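Peer 1: Using the UniProt record's numbering, the first residue of the sequence shown is number 1, and each one after it goes up by one.
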Amino acid sequence: MKLYTSIFARIYKRFLADTAGQRLRATPSYFFLIWRWSMWLYALVLIVGSREPYTKYPAYGISVVLLFVTLLQTLIVTLYSPVARHFFPRLRLPFASPPRSVIDEEEPIPTALARLRNPYSNLILYGIDLLVCGLVTYLSGPFALHPYFGTSSPFYRYGISTAFAAALAYGYRGGLGAALGYDLFIVLGILFRPTYADPLYTPNVIDVVGSLVDTPVAALVAALIISLLDRYVRSLQSEQANVRQQKAQLDLGNVLIQAAYERQHLLTKSAEQLRQGGRFESLALALVPHTPELDTDMADTEVPRPQRLEIYTSTAHLPHEGEASLPGELFEQVRQTGERLTRIEPPVPHLYPPRFPHQLYLPFAKQGEVQLILGVESHRPIDEKQEDFLVIAGTQLLTALENIRLTEQTILLTAQEERNRIAREIHDGVAQLIYILKISAETCIAYTQRLMEASEEEAEQLNPLEERLQKLVTISKQALWETRSYMFSLKPLNQEHLSLQDIIQGQLREFETISEVPTSLYVEGEETSTDGDNEYARQRERVYAAFFRIVQEALTNAYKHAEATRIEVALRQGPEDILVEIGDNGKGLPGPARSDTRFYSGHGLTGMHERATELGGTLDILPGQAGGLLVRAWIPLSHAKTNTALAANASELKFSERH
1 MKLYTSIFAR
11 IYKRFLADTA
21 GQRLRATPSY
31 FFLIWRWSMW
41 LYALVLIVGS
51 REPYTKYPAY
61 GISVVLLFVT
71 LLQTLIVTLY
81 SPVARHFFPR
91 LRLPFASPPR
101 SVIDEEEPIP
111 TALARLRNPY
121 SNLILYGIDL
131 LVCGLVTYLS
141 GPFALHPYFG
151 TSSPFYRYGI
161 STAFAAALAY
171 GYRGGLGAAL
181 GYDLFIVLGI
191 LFRPTYADPL
201 YTPNVIDVVG
211 SLVDTPVAAL
221 VAALIISLLD
231 RYVRSLQSEQ
241 ANVRQQKAQL
251 DLGNVLIQAA
261 YERQHLLTKS
271 AEQLRQGGRF
281 ESLALALVPH
291 TPELDTDMAD
301 TEVPRPQRLE
311 IYTSTAHLPH
321 EGEASLPGEL
331 FEQVRQTGER
341 LTRIEPPVPH
351 LYPPRFPHQL
361 YLPFAKQGEV
371 QLILGVESHR
381 PIDEKQEDFL
391 VIAGTQLLTA
401 LENIRLTEQT
411 ILLTAQEERN
421 RIAREIHDGV
431 AQLIYILKIS
441 AETCIAYTQR
451 LMEASEEEAE
461 QLNPLEERLQ
471 KLVTISKQAL
481 WETRSYMFSL
491 KPLNQEHLSL
501 QDIIQGQLRE
511 FETISEVPTS
521 LYVEGEETST
531 DGDNEYARQR
541 ERVYAAFFRI
551 VQEALTNAYK
561 HAEATRIEVA
571 LRQGPEDILV
581 EIGDNGKGLP
591 GPARSDTRFY
601 SGHGLTGMHE
611 RATELGGTLD
621 ILPGQAGGLL
631 VRAWIPLSHA
641 KTNTALAANA
651 SELKFSERH
């Protein structure tokens, strides 16, 4: 019982449940196989059930031999049929292409005989089938004595199936060609009768016409049926494509709503939805990054460079060896020309039917500039419906991306405006009061010093007051620097198009003005151009912001806690990484320390370390050779290029050699 249940479950899974089974049972291949096996059984019954005098004729013995020949032929045809190969996918046959576990719903109706790797081998296969059927009918013609050709053969109806097979594969032309070829063997029997045929029989019109007309008529009927069925299937395929595209547009709309604020997720999911909705083998979505407008002062000196395309791909399978893909240079070509591009790649080797990858590139522009490019590849010609689907979906996607960009820009502008407002409030309020407090304390110190110089008796009494006022000036300077630091923390890079050298130089100038601690900056190397690499530019902007914070914290610690009287900063720039060293001559960290000791704690040092490591860099706090501390920060300009040699071999600041 379990055996029968297992067999039934396998048949249900192979034939009824999956899409390939539904596809196969709608083909006429079953009609061909049923006809051939039924007619073979008819010949078997006719031959086995014959009695004298038929068993004494020479044609009877020949028919028995031909019965085994046709059995072998039918078995081979059945094994090579797509029906049998679907039930036995692991079956490997010579000259046959590998079976497909799933039949694409847009493929033509499977033929009665399997398609071989070489298209010429298919013609040979159908030719051999026609030759065997014709010879079997010719040799067994005298089985019933009268007539000795055509309908007299027990394999006559069996041979008609060869015209069915050709009609199912090649339509009217194939069916008529096979029918005429089959009739040639009947004509051959009429003109050149076998030696064991009855010589007394004279062919008549009824027998000749009856033997010659059946096969062409059957072939035409089979071709008509396959033509109507193919038209019906293609109509269903068209309806299914429309439903699929509508569903894909609906799914794309849901993606646009759900991922409205996640640009990368939106592009990735959209590429997958577009590929599935259009039934493409591969789809690539190339986004042209938005190029910010230059300031009017720099418009004459700096020309905006083209940004590198951001490409998101979706493929239905891993590419085969030698299979074409969507090359990036074609996206760049479409971007420059702004015109639609189509091309056909060479066929994929070792695959049958031959696959000619068809590629289509569609640009989507806004205000005359290409913002989005859709590139697709299909093994079938891309029709107008698929292209219209891409145009509609691409326009929706471009609109969603523009909305995301405007939303992000609005958020940034709103946040920046609020930061600027807070910075103005601090500058006009707290910073001014602290500055007035500092000036007042310095004025009091000057007045106290004049009183001390005028009277030696009062000098001893005013000395504690002077010390208190000096501490008050120091505290006011520290408060003013921290207030200014908070102001710049709201937007450290408030001036665009500044190099890291300019940023640090302005930072040191501001610090030196407030704290009156001498500073110096040493620069090695030059800033590397982005060359239109948008990702590289964004990474460099993040690195600059991190260095601004690190230098700011190091200056604050040196002035507030280390009591340094001089600070030196070294900037070393390379194409792949940047190294900044901040050294002071202060009192350093408490406790003994060797030259190789590294500290990751203290006043704000944890935050400095986190800023460096978040970008793939390192932060070291080392004792300086002339006393004080050396803060060494190294950050790569690309996470893929983390070359630590520069940070490991960087030379320490040496105050004695520079002064």
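Every residue gets a Cβ at the ideal spot worked out from N, C-alpha and C, and that includes glycine.
All values reported here derive from a predicted model rather than from experimental measurement.
Confirm, please, whether the CB-CB distance from P357 to E345 is below 8 Å.
Peer 2: If you number the sequence shown from 1, residue 345 lands on position 345. If you number the sequence shown from 1, residue 357 lands on position 357. Yes, these two residues count as a Cβ contact at 8 Å.
Peer 1: Am I right that W634 and G617 are in contact with their C-beta atoms under 8 Å? What's the rounded C-beta distance?
Peer 2: Here residue 634 is taken as the residue at index 634 of the sequence shown, counted from 1. Here residue 617 is taken as the residue at index 617 of the sequence shown, counted from 1. Between the beta-carbon of W634 and that of G617 there is about 5 Å, and that keeps the pair under the 8 Å contact cut.
Peer 1: Taking Cβ positions only, does L131 come closer than 8 Å to chain C?
Peer 2: Absent from the structure: chain C. Only one protein chain is present.
Peer 1: Along the beta strand (DSSP E) that carries F364, what are the first and last residues, could you check?
Peer 2: Against the sequence shown, residue 364 aligns to sequence position 364. Note, F364: beta strand (DSSP E), H358 to K366.
Peer 1: According to DSSP, simplified to helix, strand and coil, what is I76?
Peer 2: Indexing the sequence shown from 1 puts residue 76 at position 76. Helix at I76.
Peer 1: At which residue ranges does the region 544-586 contain complete beta strand (DSSP E) runs of 3 or more residues, listed in the order of the chain?
Peer 2: 567-573 and 577-584
Peer 1: In whole angstroms, what separates the C-alpha of L498 from that of Q416?
Peer 2: What you label residue 498 is simply residue 498 of the sequence shown in a count that begins at 1. What you label residue 416 is simply residue 416 of the sequence shown in a count that begins at 1. Cα to Cα, the separation comes out at about 18 Å.
Peer 1: Count the other CB atoms, across all protein chains shown, that sit within 10 Å of the CB of E553; report buried if there are 16 or more and exposed otherwise.
Peer 2: The sequence position of residue 553 within the sequence shown is 553, counting from 1. In summary, E553 is buried, with 16 or more beta-carbon neighbours lying within 10 Å of its beta-carbon over all protein chains present.
Peer 1: What does the alpha-carbon distance come out to for the pair L79 and I128?
Peer 2: Counting from 1 along the sequence shown, the entry for residue 79 is found at position 79. Counting from 1 along the sequence shown, the entry for residue 128 is found at position 128. Cα-Cα distance, rounded: 16 Å.
Peer 1: Pick out the complete alpha helix (DSSP H) segments inside the region 245-291, 4 residues or longer, and give them in chain order.
Peer 2: Within the region 245-291, the complete alpha helix (DSSP H) runs of at least 4 residues are 263-278.
Peer 1: Opposite I312 in the DSSP bridges: which residues?
Peer 2: Here residue 312 refers to the residue found at position 312 when the sequence shown is read from its first residue. The sequence shown places Tyr at residue 312, rather than the Ile named in the question. L285, per the DSSP bridge assignment.
Peer 1: So A570 and D584 are in contact, right, with Cβ under 8 Å, and what is the actual spacing, rounded?
Peer 2: By 1-based counting over the sequence shown, the position of residue 570 is 570. By 1-based counting over the sequence shown, the position of residue 584 is 584. Cβ atoms of A570 and D584 stay farther apart than 8 Å, at about 13 Å.
Peer 1: Can you give me the Cβ contacts of D214 inside the same chain, cut-off strictly under 7 Å, excluding the 5 residues immediately before and after it?
Peer 2: Start at 1 with the first residue of the sequence shown, and residue 214 comes out as number 214. The residues are I160.
Peer 1: Just tell me which of L180, G627 and G368 has its CA closest to the CA of G588.
Peer 2: Counting from 1 along the sequence shown, the entry for residue 588 is found at position 588. For G588, the nearest C-alpha among the options comes from G627.
Peer 1: Using the C-alpha atoms, what's the distance from P347 back to V243?
Peer 2: The residue given as residue 243 occupies position 243 in the sequence shown. The residue given as residue 347 occupies position 347 in the sequence shown. So the two alpha carbons sit approximately 30 Å from each other.
Peer 1: At a cut of 8 Å, does the region 198-218 reach the region 227-242 through at least three beta carbon pairs?
Peer 2: no
Peer 1: Rounded to whole angstroms, how far is the Cβ of F164 from the Cβ of A222, which I believe are closer than 8 Å?
Peer 2: Along the sequence shown, read from residue 1 onward, the residue named residue 164 stands at position 164. Along the sequence shown, read from residue 1 onward, the residue named residue 222 stands at position 222. Yes, they are in contact, since the Cβ atoms of F164 and A222 sit about 5 Å apart, within 8 Å.
Peer 1: Measure the alpha-carbon distance for G150 versus F185 and round it to whole angstroms.
Peer 2: Within the sequence shown, residue 150 is the residue found at index 150, counting from 1. Within the sequence shown, residue 185 is the residue found at index 185, counting from 1. Using only the alpha carbons, I get a separation of about 9 Å.
Peer 1: Look up N643 in the DSSP assignment and say whether it is helix, strand or coil.
Peer 2: Working through the sequence shown from its first residue, we reach residue 643 at position 643. Because the pLDDT of N643 is 41, which lies under 50, any placement of that residue in the model is unreliable, and the number read from its coordinates should be weighed accordingly. Here N643 sits in coil by DSSP.
Peer 1: Name the two residues that bound the continuous beta strand (DSSP E) containing R424.
Peer 2: The residue given as residue 424 occupies position 424 in the sequence shown. Taken as a continuous stretch (DSSP letters only), R424 belongs to no beta strand (DSSP E), being part of the alpha helix (DSSP H) at E384 to I426.
Peer 1: Tell me which same chain residues have a C-beta within less than 6 Å of the C-beta of F389, skipping the five on either side of it?
Peer 2: Here residue 389 corresponds to residue number 389 of the sequence shown, with the count starting at 1. Excluding positions up to five away in sequence, the list reads Q245 and G278.
Peer 1: Compare the beta carbon distance of L285 and L374 with 8 Å and say whether it is the shorter of the two.
Peer 2: Translated into the one-based positions of the sequence shown, residue 285 becomes position 285. Translated into the one-based positions of the sequence shown, residue 374 becomes position 374. Contact: yes.
Peer 1: Could you pull the start and end residues of the beta strand (DSSP E) that A633 belongs to?
Peer 2: The sequence position of residue 633 within the sequence shown is 633, counting from 1. Taken as a continuous stretch (DSSP letters only), the beta strand (DSSP E) holding A633 covers L629 to P636.
Peer 1: If you check the beta carbons only, do L469 and T448 fall under 8 Å apart?
Peer 2: Along the sequence shown, one-based indexing puts residue 469 at 469. Along the sequence shown, one-based indexing puts residue 448 at 448. For the pair L469 and T448, the CB atoms are nearer than the 8 Å cut-off.
Peer 1: In the DSSP assignment, find the unbroken beta strand (DSSP E) run with R343 in it and report its ends.
Peer 2: Position 343 of the sequence shown, counting from 1, holds the residue named residue 343. R343 -> beta strand (DSSP E) spans L341 to I344.
Peer 1: Beta-carbon separation of L401 and L433 under 8 Å?
Peer 2: Here residue 401 refers to the residue found at position 401 of the sequence shown. Here residue 433 refers to the residue found at position 433 of the sequence shown. No; because the gap between Cβ atoms is not below 8 Å, this pair is not in contact.
Peer 1: Could you check where the alpha helix (DSSP H) with D620 kicks off and where it finishes?
Peer 2: Taking the first residue of the sequence shown as position 1, residue 620 is located at position 620. That residue, D620, is in no alpha helix (DSSP H); its beta strand (DSSP E) goes T618 to P623.
Peer 1: If we ignore side chains and look at the alpha-carbon of each, how far apart do V430 and S476 end up?
Peer 2: Position 430 of the sequence shown, counting from 1, holds the residue named residue 430. Position 476 of the sequence shown, counting from 1, holds the residue named residue 476. The alpha-carbon atoms of V430 and S476 are separated by roughly 11 Å.
Peer 1: Give the straight-line distance between the Cα atoms of Y54 and R234, rounded to the nearest whole angstrom.
Peer 2: The residue you call residue 54 lines up with position 54 of the sequence shown. The residue you call residue 234 lines up with position 234 of the sequence shown. Using only the alpha carbons, I get a separation of about 51 Å.
Peer 1: Would you call Q461 buried or exposed, if buried means 16 or more other Cβ atoms sit within 10 Å of its Cβ?
Peer 2: In the sequence shown, counting from the first residue as 1, residue 461 sits at position 461. Answer is exposed; the Cβ neighbour count stays below 16.
Peer 1: Is E526 helix, strand or coil when you go by DSSP?
Peer 2: Here residue 526 refers to the residue found at position 526 when the sequence shown is read from its first residue. Note: E526 maps to coil in three-state DSSP.
Peer 1: Where does L605 fall in DSSP's three states?
Peer 2: On the sequence shown, residue 605 is found 605 positions in, with the first residue counted as 1. In this structure, L605 counts as helix in the three-state DSSP scheme.
Peer 1: Consult DSSP for E516 and reduce its assignment to one of helix, strand or coil.
Peer 2: Here residue 516 refers to the residue found at position 516 of the sequence shown. It is coil, neither helix nor strand.
Peer 1: Go to V48, then tell me how far its alpha helix (DSSP H) extends in each direction, as first and last residue.
Peer 2: For the purposes of this step, residue 48 is taken as residue 48 along the sequence shown, with counting starting at 1. Run containing V48: S29 to V48, per the alpha helix (DSSP H) assignment.
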